[in-house]
Each structure stands twice: as C-alpha cells, then as structure tokens.
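Numbering (the numbering used here), first residue to last: 348 to 553.
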C-alpha cells in the first residue's frame with residue numbers, strides 16, 4: 348500500500364473542548380490495566396503506569412481522542428509531545444492501548460496504531476523492550492515501519508521504506524515529531540545504524 352490515509356473509530360470518549368486536550372490519571376485505573384498486556388512478571392509495576400488521554404488529528408482532518416499507558420514518570424512529557432503534534436496537525440490513524448501480545452501469533456502485516464506500553468521483549472532479542480517499561484512510543488507504525496535486512500514490520504508497509512517520498516503520517520529527520528521528542532530527551536529509532544525503526548521513540552534510544 349503506497350498511500351494509507353484513513354482513521355479508525357475512537358475507542359474512548361471524546362475529551363471536551365475544540366482544541367488540544369489531555370487528561371492524566373496516575374496510577375492507571377485497574378480497569379484500564381486489565382485491558383492491557385500488563386501481567387505479573389512485567390518489569391514495571393502496574394501502580395507505576397499512568398493512563399493518558401489526548402486529542403489528535405486523524406487522517407480525516409477531524410479531532411479525535413486516544414489513550415496511552417505510559418510510565419508515570421514521563422506522563423507530563425508525553426502530553427507535551429502530543430500537544431505539539433496536535434498543533435502541527437500531524438495525522439494519526441489511532442492512538443490506543445495494546446490489548447494483546449502473542450509472539451507466536453501470525454502477523455496480519457497491516458497494523459498502524461500509535462501506542463506505548465506493551466509487555467514484550469525487544470524486537471529480535473530476549474530482554475524486555477522499553478515499551479515494557481512504558482518508556483517508548485511507536486507512532487503510525489505503517490507509515491513508519493521497522494526494517495532490518497529483509498525483515499519489514501508491518502509486512503505490507505515496504506512502500507514506506509522510501510523515506511525520500513514523504514507522505515502524510517510519516518516521520519522525517521528534521522520534522523516536528525523528532526523535534527518534539529528531542530525536547531523531552533527522547534531519541535528516534537530512525538537514527539539507528541544496524542536497523543531502522545522509524546515508528547519508535549524512547550527515553551534511552553533503545
């Protein structure tokens with residue numbers, strides 16, 4: 348797919364107002380944790396996760412509301428980033444909490460969520476990902492895929508490996524998304540040397 352430009356229905360109630368809005372609940376309510384991938388053995392306590400709701404622009408040029416689970420220590424920083432993304436009208440398909448993670452499940456190859464906490468190992472490794480600590484965010488995973496050798500994730504997003512042809516929802520090295528995360532001290536996976544994770548931002552750059 349060369350041009351992906353649709354927006355999925357919101358999964359949470361619209362935040363009030365007509366501009367940017369956010370709401371942080373820390374610690375995250377049990378009912379929110381219950382529909383996430385958190386379980387005993389994850390490297391972060393459930394009580395250390397915050398439920399963050401933010402408004403964002405969809406590819407339909409409409410105001411939407413999404414939700415994230417993040418480490419409570421970075422919740423205010425993440426709101427600051429999404430405030431900037433809203434101001435520059437960076438479009439996103441859906442901002443949501445991952446509800447499942449099964450490494451043995453077949454990939455559909457077409458996901459495009461923006462999300463943060465997922466209790467899982469790092470891609471291609473056995474140690475926990477920064478997502479498992481709530482200290483990483485992936486944005487528009489289809490427009491900003493992961494690539495290493497012959498591996499492309501999502502599998503159907505190979506057209507978006509051509510980063511010189513900028514399309515809606517793509518993250519660019521000198522663009523507002525990278526700058527917004529840099530202001531809170533987070534690094535971009537698009538700068539990695541041995542692989543490229545164009546969707547990924549994390550506090551420690553891993």
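Glycine included, each C-beta is placed from N, C-alpha and C at the ideal position.
For clarity, every value in this text was computed on a predicted model and none was experimentally measured.
Residue range of the alpha helix (DSSP H) that includes residue i
i	result
residue 435	Unbroken run through residue 435: none, as it is neither H nor E.
residue 381	377-381
Simplified DSSP assignment, three categories, for residue i
i	result
residue 356	coil
residue 453	Confidence in residue 453 is poor, its pLDDT being 47 and thus under 50, which makes the residue's placement unreliable; the coordinate value appears in the next sentence. Here residue 453 sits in coil by DSSP.
residue 547	strand
residue 350	coil
residue 529	helix
residue 515	coil
residue 500	strand
Residue range of the beta strand (DSSP E) that includes residue i
i	result
residue 484	483-485
residue 465	Segment: none, residue 465 is in no beta strand (DSSP E) and carries neither H nor E.
Residue i burial status per 10 Å Cβ neighbour count (16 or more: buried)
i	result
residue 453	Residue confidence for residue 453 is low, a pLDDT of 47 falling below 50, so the modelled location carries little weight and cannot support an answer.
residue 480	buried
residue 405	buried
residue 549	buried
residue 443	buried
residue 459	buried
residue 546	buried
residue 357	buried
Sub-9 Å separation of residue i and residue j beta-carbons
i	j	result
residue 505	residue 513	no
residue 511	residue 489	no
residue 373	residue 398	yes
residue 527	residue 427	yes
Subject >> Length at least 3, wholly inside the stretch 390-421: the beta strand (DSSP E) runs in chain order >> reply: 396-404, 410-418
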